[in-house]
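Novice: Following this message is one structure expressed as structure tokens.
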Amino acid sequence: MLAFVLAGSESQLISLWKVDDNATKDLMVNYYQKLKNNKGRSAVLHEVQKEMLASEDYQHPYYWASFIPSGDWSAMDLNTSSKN
């Protein structure tokens, strides 16, 4: 993880155990879609995890509880325009 920080990564989303691929894909897609709303990264992760808990397919914590935040978990600047 130190290598990611040294390479310039502001934050990481870490899984503590091997998780189902489809559940991870759904979590990540939902996570990145919600980041566009200018919410903090930690708040978005919590929101997505609560949604998975309420879902029929991914209710069991195995699918969503392994993910933890590390680093800067404030809102991201998603402005993709070049800064010249």
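Going by my numbering, the first residue of the sequence shown is number 1, and it counts up by one from there. Where is the CB? At the ideal position from N, CA and C, for every residue including glycine. Just so you know, these numbers come straight off a predicted model, no measurement behind them.
(1) Going along the chain, which residues of its own chain have a beta-carbon closer than 6 angstroms to the beta-carbon of N30, five neighbours each way excluded?
(2) Do three or more CB pairs link the region 32–43 to the region 58–78 at distances below 8 angstroms?
(3) Tell me the residue span of the alpha helix (DSSP H) that contains S42.
(4) Of all Cβ atoms in chain B, is any one closer than 7 angstroms to the Cβ of N38?
(5) Exposed or buried, D26, counting other C-beta atoms within 10 Å across all chains shown (16 or more means buried)?
Specialist: According to the structure shown:
(1) V48
(2) yes
(3) R41 to A54
(4) Checking the listed chains, one finds no chain B in this structure; it contains a single protein chain.
(5) buried
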